[in-house]
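I have placed the structure first, in the form of structure tokens, so that the comments after it can refer back to it.
2 protein chains.
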Amino acid sequence: MKNKLKVARAEANLSQGELAERIGVSRQTINSIETGRYVPSTVLALKLAAVFAKPVDVLFSLEETD
Amino acid sequence: MKNKLKVARAEANLSQGELAERIGVSRQTINSIETGRYVPSTVLALKLAAVFAKPVDVLFSLEETD
DNA sequence: TCATATTGTCAAGCAAACTTGTCATTTAAT
DNA sequence: ATTAAATGACAAGTTTGCTTGACAATATGA
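Keeping their order, the protein sequence lines are chains A and B. For the first sequence, the UniProt record's numbering gives the first residue as 1, with consecutive numbering after it. For the second sequence, the UniProt record's numbering gives the first residue as 1, with consecutive numbering after it.
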């Protein structure tokens, strides 16, 4: 699964730490998702979508390997 | 987090087992998500959204407790 | 240049997702 | 009324999300 989090975050001018704080997770969690180390839960995806005011399906998308 | 999976599945006329097979998870996983025993990963949410041809945000939504 | 903020990553641990296997209960069809 | 299909749920085990703490590397700005 790939995601556009890094871009969305740049557009919103937020640091990983600030974003993490807003949705109540650790900075490492944001970093790990951005760098593809793991896939977030749906709750987290919905919260991220809310922060950036974009649908989940826009922020996250499936790959062949999924 | 709540979800409209049971309704969507009824509309699509699919059993839990059939749905599970389509997206490559166990039947218990579908059952557990429907009955709120746990929250799916974003990959699973995207796959479910794809099966029902509905956006993730329509199938899944946050609650106060999230 | 020096200082500070930001990012990437590792490790150890806990919690939650997901598995297979199994069984009881409910629903639907004959 | 009986059978078969579908659902709900539990248990034990594996994998993965997410945590805190830490440190090095990269960027940003005075």
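Note that CB positions come from ideal geometry on N, CA and C, so glycine has one too. Owing to the predicted nature of the structure, the values given are computational and were not obtained by experimental measurement.
Chain-ordered neighbours of residue i on chain B, where CB pairs are closer than 9 Å
i        : result
Phe-60/A : Thr-42, Val-43, Ala-45, Leu-46, Val-56
CB contact check: residue i to chain A, cutoff 8 Å
i        : result
Val-39/B : yes
Three-state secondary structure assigned by DSSP to residue i
i             : result
residue 146/A : Nothing in the structure corresponds to residue 146/A, since chain A is present only between 1 and 66.
Ser-41/B      : strand
Lys-54/B      : coil
Ser-32/B      : helix
Lys-4/B       : coil
Contact list for residue i against chain A, beta-carbon separation under 7 Å
i        : result
Ala-49/B : Asp-57
With 16 other Cβ atoms within 10 Å as the buried cut-off, status of residue i
i        : result
Thr-42/B : buried
Arg-37/A : exposed
Lys-47/B : buried
Ala-12/A : exposed
Val-7/A  : exposed
Gln-16/B : buried
Ala-49/A : buried
Ala-53/B : exposed
Ala-45/B : buried
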